[in-house]
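Notes for the one structure printed next.
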Amino acid sequence: MAQTQEQTVSTGDTPFVPIEKIVSLCKRRGFVYPNSEIYGGVSGIYDFGPLGVELRNNIRRFWWWSMVQTNDNVVGIEGAIITHPRVWEASGHVENFVDRLVDCKNCKRRFRYDHLPEENVRQNTCPVCGGELTEPRTFNLMMETYIGVVEGERMKTYLRGEASQNIYLDYDNVLKSSRMAIPYGICQIGKAFRNEVTPGNFLFRQREFEQWDLQFFVHPSQMQQWFDYWRERRFEWYKGIINHKDRLRFRAHGPDELAHYAKQAFDIEYQTVIGWQEWEGIHWRQDWDLSRHSQYSGQDLSYTDPETKERYIPWIVETSGGVDRTFLNLLLDAYEEEPPSGKDKEGRTVLRLNPMLAPVKVAVLPLQKNKEELVTTAKELHSKLRRLMVSQYDDVANIGRRYRRQDEIGTPFCVTIDFTTLEDQTVTIRERDSMSQIRLHMNEVPAYLLERVRWDYSV
Ligand code: GAP
Numbered sequence: 064m065a066q067t068q069e070q071t072v073s074t075g076d077t078p079f080v081p082i083e084k085i086v087s088l089c090k091r092r093g094f095v096y097p098n099s100e101i102y103g104g105v106s107g108i109y110d111f112g113p114l115g116v117e118l119r120n121n122i123r124r125f126w127w128w129s130m131v132q133t134n135d136n137v138v139g140i141e142g143a144i145i146t147h148p149r150v151w152e153a154s155g156h157v158e159n160f161v162d163r164l165v166d167c168k169n170c171k172r173r174f175r176y177d178h179l180p181e182e183n184v185r186q187n188t189c190p191v192c193g194g195e196l197t198e199p200r201t202f203n204l205m206m207e208t209y210i211g212v213v214e215g216e217r218m219k220t221y222l223r224g225e226a227s228q229n230i231y232l233d234y235d236n237v238l239k240s241s242r243m244a245i246p247y248g249i250c251q252i253g254k255a256f257r258n259e260v261t262p263g264n265f266l267f268r269q270r271e272f273e274q275w276d277l278q279f280f281v282h283p284s285q286m287q288q289w290f291d292y293w294r295e296r297r298f299e300w301y302k303g304i305i306n307h308k309d310r311l312r313f314r315a316h317g318p319d320e321l322a323h324y325a326k327q328a329f330d331i332e333y334q335t336v337i338g339w340q341e342w343e344g345i346h347w348r349q350d351w352d353l354s355r356h357s358q359y360s361g362q363d364l365s366y367t368d369p370e371t372k373e374r375y376i377p378w379i380v381e382t383s384g385g386v387d388r389t390f391l392n393l394l395l396d397a398y399e400e401e402p403p404s405g406k407d408k409e410g411r412t413v414l415r416l417n418p419m420l421a422p423v424k425v426a427v428l429p430l431q432k433n434k435e436e437l438v439t440t441a442k443e444l445h446s447k448l449r450r451l452m453v454s455q456y457d458d459v460a461n462i463g464r465r466y467r468r469q470d471e472i473g474t475p476f477c478v479t480i481d482f483t484t485l486e487d488q489t490v491t492i493r494e495r496d497s498m499s500q501i502r503l504h505m506n507e508v509p510a511y512l513l514e515r516v517r518w519d520y521s522v
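Count along the sequence shown starting at 1, add 63, and that's the number in our numbering.
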């Protein structure tokens with residue numbers, strides 16, 4: 064299906080959020096900025112602002128915690144973006160990592176051939192204006208770069224087109240240095256680069272983006288079992304961080320869309336205003352990667368079972384998702400505009416982010432700015448809290464407006480210091496989603512908040 068922002072599908076009770084609303088919020092509140100904006104920007108490349116980097120760090124940390132820290136049979140690495148160029152010949156990317164493109168002869172729009180609706184492929188017509196399409200042309204997505212400074216001695220290589228290659232390159236080193244035994248996995252979070260010919264839909268399809276990978280190495284006889292295991296676990300992981308659980312599904316790849324290395328693949332898809340789209344891929348990579356790297360490097364990457372002494376090339380289950388798509392999907396999932404109701408005359412925009420992922424965990428607000436004791440007490444509490452979690456102090460504008468500012472960025476708790484605080488050391492804690500308030504002694508606030516924002520995922 065061609066990816067245009069006009070396609071608005073909606074199921075269930077809540078309408079889908081237009082991407083433009085998220086783009087605007089992200090710019091206004093410091094989540095995401097267009098890269099090199101003062102020079103007119105670069106299509107498909109973005110920078111992350113003060114709130115964006117907090118949200119991103121939380122997303123990454125949570126993935127790392129649940130994939131590496133809480134699994135005895137998984138370890139992590141961080142590989143370089145630039146590798147030896149032979150890596151990309153062995154991986155098949157130089158030959159096979161291509162997109163086929165067509166242009167409309169009438170409106171000049173460009174489309175990925177594999178994203179065209181079937182009807183337009185059959186009729187060779189543009190899905191927007193109905194004009195005639197050109198013959199498909201093939202483009203390689205790898206971004207080239209050069210190592211060395213002297214002309215003639217420089218070596219052409221590539222910015223990595225998928226982060227997972229480092230894991231295959233380090234697989235043997237990890238095995239030898241960390242006393243792991245098969246079945247075991249290696250995780251990594253890192254940037255990848257693709258000369259996407261049709262970047263778009265904000266962070267969804269970029270040219271520089273970040274991936275998280277698990278490559279899980281198994282004996283061939285155990286492939287199906289581990290493939291099913293990780294497929295289910297990854298699905299539950301995504302389900303655990305979203306509100307609209309009915310917008311998540313699996314989709315099996317048809318034979319014509321399998322990547323060059325994949326024998327079987329499932330996408331975990333999330334439904335937004337642009338339709339059902341891939342969030343993470345679960346790939347049955349079999350022995351493709353280690354066999355190819357053995358063949359191209361001349362190094363034997365086979366494994367000898369320490370007990371049975373059987374020698375074999377391990378097969379690989381890959382789970383490969385995107386930090387940026389997670390960032391975007393979480394915002395689309397969490398964003399809500401609430402109309403005015405009851406005492407609330409203005410209505411509000413609220414980001415119902417899971418508290419453990421929210422960029423700011425708490426805002427500390429003195430009821431009035433011109434009462435010195437309120438301000439001093441609030442600042443003292445804020446300086447205690449900021450050592451434990453991201454806390455913001457805010458005394459600008461009336462309290463209702465300050466709550467709304469925090470709702471819009473997804474802050475799960477606001478602590479207000481009022482005149483009662485000065486008498487009995489209690490404060491109000493307002494909860495973002497229900498807007499309900501409780502009173503607690505100030506000394507209890509840090510433990511209360513820590514408990515409410517900690518990782519609470521148990522899969
Ligand atoms: N190693 C396997 C691999 O790279 P992929 O399906 O091409 O598989 C994995 O990418 C994940 O990376 C996707 O599910 C998506 O979340 C993310 N991703 C891929 N291309 C992207 C792009 N151009 N912009 C943002 N995220 C992207």
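The C-beta atom is built at its ideal place from N, Cα and C for all residues, glycine as well.
From a predicted model like this one, the values you see are computed outputs, not experimental measurements.
Item                                                                                                                                                        : Value
Quickly, what does DSSP pair residue 263 with across the bridge? List them, please.                                                                         : 268
How is residue 191 classed by DSSP in three states: helix, strand or coil?                                                                                  : coil
Judging by CA-CA distance, which residue of 231, 264, 454 is the nearest neighbour of residue 376?                                                          : 231
For the beta strand (DSSP E) holding residue 339, just list the boundary residues, first then last.                                                         : 338 to 349
Entirely within the segment 284 to 334 and at least 3 residues each: give me those beta strand (DSSP E) ranges in chain order.                              : 311 to 315
Keeping to the same chain, check which residues put their C-beta closer than 6 Å to that of residue 290; ignore five residues upstream and five downstream. : 347, 380
How far does the beta strand (DSSP E) with residue 426 in it reach, from first residue to last?                                                             : 425 to 429
Once you ignore the five residues that flank residue 389 on each side, which residues in its own chain have a CB closer than 6 Å to its CB?                 : 122
At a threshold of 7 Å, does residue 329 count as lining ligand 1 (C-beta to nearest heavy atom)?                                                            : no
Could you check whether residue 356 and residue 153 sit closer than 8 Å to each other, using their CB atoms as the reference points?                        : yes
By the 10 Å Cβ neighbour count, where 16 or more other Cβ atoms means buried, how is residue 500 classified, buried or exposed?                             : exposed
What I want to know is whether the C-beta of residue 342 ends up closer than 7 Å to one or more non-hydrogen atoms of ligand 1.                             : yes
Using the C-alpha atoms, what's the distance from residue 496 back to residue 475?                                                                          : 7 Å
Please list the terminal residues of the continuous beta strand (DSSP E) segment that includes residue 378.                                                 : 378 to 385
Which partner residues does residue 162 have in the DSSP bridge list?                                                                                       : 202
Is the beta carbon of residue 279 sitting closer than 8 Å to the one on residue 255?                                                                        : no
So what does residue 477 bridge to, in DSSP terms?                                                                                                          : 426, 493
Quick one: is residue 217 near chain C, going by C-beta distance under 8 Å?                                                                                 : Reference to chain C is not applicable here, since this structure consists of a single protein chain.
When you compare only the Cα positions, how much space is there between residue 378 and residue 365?                                                        : 10 Å
Looking at C-alpha atoms only, which residue of 358, 472, 187, 407 is the closest neighbour of residue 423?                                                 : 472
Taking contact to mean at least 3 C-beta pairs separated by less than 8 Å, is the segment 462 to 472 in contact with the segment 446 to 453?                : no
Of the choices 92, 82, 370, 260, whose alpha-carbon is the least far from that of residue 118?                                                              : 92
With a 10 Å radius around its C-beta and 16 neighbouring C-beta atoms as the bar for buried, classify residue 213 as buried or exposed.                     : exposed
Taking just the CA atoms, how far does residue 363 sit from residue 115?                                                                                    : 43 Å
How about residue 384: is its Cβ closer than 7 Å to a heavy atom in ligand 1?                                                                               : yes
Taking the CB atoms as reference points, tell me whether residue 175 and residue 162 lie closer together than 8 Å.                                          : yes
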